[in-house]
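In my numbering, the protein residues as written are 1 to 96. Glycine is no exception: its CB is placed at the ideal position from the N, C-alpha and C atoms.
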Amino acid sequence: MARTWLACDMDDGILRSAPAKRELLTWWRGLHEGSRVQVTRARAGVYEVHAVEDGEYTGQAWLMTATAAKRAGFDPTQAPLYPLADDPYERVGRAA
Numbered sequence: 001m002a003r004t005w006l007a008c009d010m011d012d013g014i015l016r017s018a019p020a021k022r023e024l025l026t027w028w029r030g031l032h033e034g035s036r037v038q039v040t041r042a043r044a045g046v047y048e049v050h051a052v053e054d055g056e057y058t059g060q061a062w063l064m065t066a067t068a069a070k071r072a073g074f075d076p077t078q079a080p081l082y083p084l085a086d087d088p089y090e091r092v093g094r095a096a
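In structure tokens:
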């Protein structure tokens, strides 16, 4: 069974999904190009990522398995804000 990984934000919900954590981490680094990225394992299936520029946090998210995201109160079926394969840094709106 394939595992789904999600990039989650407390305010925006699901940012992006991918079949591997490494793929989401690469995406996060690209989204915050020029920033240093810190990754901390919070617990099984959950990693906290921060973008840091000039000593200041410029972005934060969690990379989680879909199961861990659901346990944390996120809706793993929510449409991601960055869903496009051919333009991964283009943010799109969600249907109301």
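Label R16 either buried or exposed according to how many other C-beta atoms from any shown protein chain fall within 10 Å of its C-beta, with 16 as the threshold for buried. Walking along the sequence shown from the start, residue 16 turns up at place 16. Per the 10 Å Cβ criterion, buried.
Rounded to the nearest angstrom, how far is the Cβ of W5 from that of T67, given a contact under 8 Å? Start at 1 with the first residue of the sequence shown, and residue 5 comes out as number 5. Start at 1 with the first residue of the sequence shown, and residue 67 comes out as number 67. Contact doesn't hold; Cβ gap of about 10 Å is too wide.
How would you call T77, buried or exposed, if buried means at least 16 neighbouring beta carbons within 10 angstroms? Residue 77 sits at position 77 when you count from the first residue of the sequence shown. Classification of T77: exposed, given that the 10 Å Cβ count is below 16.
Near E90, what residues of its chain come up, given a Cβ to Cβ distance below 6 Å and the 5 sequence neighbours on each side ignored? The residue labelled residue 90 in the question sits at position 90 within the sequence shown. Contacts found: L84.
Are L24 and A7 close, meaning C-beta to C-beta below 9 Å? Taking the sequence shown and counting its residues from 1, the one referred to as residue 24 is at position 24. Taking the sequence shown and counting its residues from 1, the one referred to as residue 7 is at position 7. Yes. Within cutoff.
Going by beta-carbon coordinates alone, are V52 and T40 separated by less than 9 Å? Taking the sequence shown and counting its residues from 1, one reaches residue 52 at position 52. Taking the sequence shown and counting its residues from 1, one reaches residue 40 at position 40. Not a contact, by the Cβ cut-off of 9 Å.
Tell me, which residues are paired with P59 by DSSP? The residue you call residue 59 lines up with position 59 of the sequence shown. Before going on, a small fix: residue 59 reads as Gly here, not Pro. DSSP lists A51 as partners of G59.
Let's test the definition: count the other Cβ atoms within 10 Å of the Cβ of G73 and tell me whether it reaches 16, buried, or not, exposed. Within the sequence shown, numbered from 1, the residue matching residue 73 stands at position 73. Exposed, since its Cβ has fewer than 16 Cβ neighbours within 10 Å.
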